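Q:
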Amino acid sequence: MSNLDQARVASRSTETTRAALIKAATSVFAEYGYDGGSVRLITQRAMANQAAVNYHFGGKDGLYREVLIAATRAFEENAFLDPEELDALSPEDALRRYLHQFLLPLVKRDRVSRFLRIFAWESVQPSEVFSAFIANSPPRIFRLAERVVRRFLPHDASAEAVTFAMLWLAQQPMFFVRDAERLAQPPFSLKFDEDALERLVDTLAGLSLRGLSGV
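Taking the working numbering, the leading residue of the sequence shown gets 8, the next gets one more, and so forth.
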């Protein structure tokens, strides 16, 4: 094998390891949050060693930033909730669509759902890495929440009032997504399927409509 061929093989191996670490980290951070997601568990799932995390990302913080970048890219590429589509709906239907899309991780376990769970963890256990990241690139869940609440607020609502309402709405689905496993245990014993998801959307939409109408 020539030196060029050897370099190509090594490059492919390096990229494979890097991709495996990001995939494993996404899964671990979705399950345990940033604080609870250990590098040891990530490397076990990726079948890599800790030195690989340091080599590719400079440590846990760098790896987490890559996961957040991947999340932002996935939301934009999949356009799973389109801003223009929201604007074309009535305020009430836009609210329901927002809640439905961000509650989907309760019944789906795809890549986007795992990213949403990471954001849900950050709503109660904010990390410095995440805080620095959103300062430059606000997560889609917040930007879309702002788009929805502005439909209910007076045109002259202050920036503070908009922020309060936006954060309040964004928290509604986050709680259920973050704590789904705990809510499935006694004393709540909630089981989420497609029908239960629709009932939850109905309930949260009703509560949210009353809350936003009173702003």
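C-beta atoms are modelled at their ideal positions from N, C-alpha and C, and glycine is treated no differently. From a predicted model like this one, the values you see are computed outputs, not experimental measurements.
Taking all protein chains shown into account, decide if L214 is buried (16 or more other Cβ within 10 angstroms of its Cβ) or exposed.
A: To locate residue 214, count along the sequence shown from 1; it is residue 207. With fewer than 16 Cβ atoms within 10 Å of its Cβ, L214 is classed as exposed.
Q: Among residues of its own chain, excluding the 5 on either side of R52, which ones have a beta-carbon nearer than 6 Å to its beta-carbon?
A: Here residue 52 refers to the residue found at position 45 when the sequence shown is read from its first residue. A31, listed in sequence order.
Q: With H, G and I counted as helix, E and B as strand and the rest as coil, what does DSSP make of F159?
A: Position 152 of the sequence shown holds residue 159. If DSSP states are grouped into helix, strand and coil, F159 belongs with coil.
Q: Quick one: give me the first and last residue of the alpha helix (DSSP H) that L110 is part of.
A: In the sequence shown, counting from the first residue as 1, residue 110 sits at position 103. Per DSSP, L110 belongs to the alpha helix (DSSP H) from 98-110.
Q: Which residues in the same chain have their Cβ closer than 7 Å to the Cβ of F64, if we skip the five residues on either side of it in sequence?
A: The count along the sequence shown starts at 1 and reaches residue 64 at position 57. Contacts found: L70, E73.
Q: Could you tell me the distance, in whole angstroms, from the CA atom of A152 to the CA atom of F182?
A: One-based indexing of the sequence shown puts residue 152 at position 145. One-based indexing of the sequence shown puts residue 182 at position 175. Roughly 15 Å separates the two Cα atoms.
Q: Just tell me which of G66, T23, L75, V60 has its CA closest to the CA of N143.
A: As a working note, residue 143 is residue 136 in the sequence shown. Closest option to N143, Cα to Cα, is L75.
Q: Here's a check: name, in chain order, each residue in its chain whose Cβ is nearer than 8 Å to the Cβ of V208, leaving out the five neighbours to either side.
A: Position 201 of the sequence shown, counted from the first residue, corresponds to residue 208. Closer than 8 Å at the Cβ level, and outside the excluded window around V208, lie R103, L106, H107, L110.
Q: Does L48 come out as helix, strand or coil in the three-state DSSP assignment?
A: Along the sequence shown, one-based indexing puts residue 48 at 41. The answer is helix: DSSP assigns L48 an H, G or I state.
Q: Are the CB atoms of I141 and F36 nearer to each other than 8 Å?
A: In the sequence shown, the residue the question calls residue 141 occupies position 134. In the sequence shown, the residue the question calls residue 36 occupies position 29. Cβ distance not < 8 Å, so I141 and F36 don't count as in contact.
Q: Are V114 and E38 closer than 8 Å when you measure CB to CB?
A: Start at 1 with the first residue of the sequence shown, and residue 114 comes out as number 107. Start at 1 with the first residue of the sequence shown, and residue 38 comes out as number 31. Not a contact, by the Cβ cut-off of 8 Å.
Q: If Q132 sits next to D68, beta carbons under 8 Å apart, how far is it from one beta carbon to the other, in whole angstroms?
A: Looking up residue 132 in the sequence shown gives position 125. Looking up residue 68 in the sequence shown gives position 61. With 8 Å as the limit, Q132 and D68 do not qualify as a contact, their Cβ atoms being about 15 Å apart.
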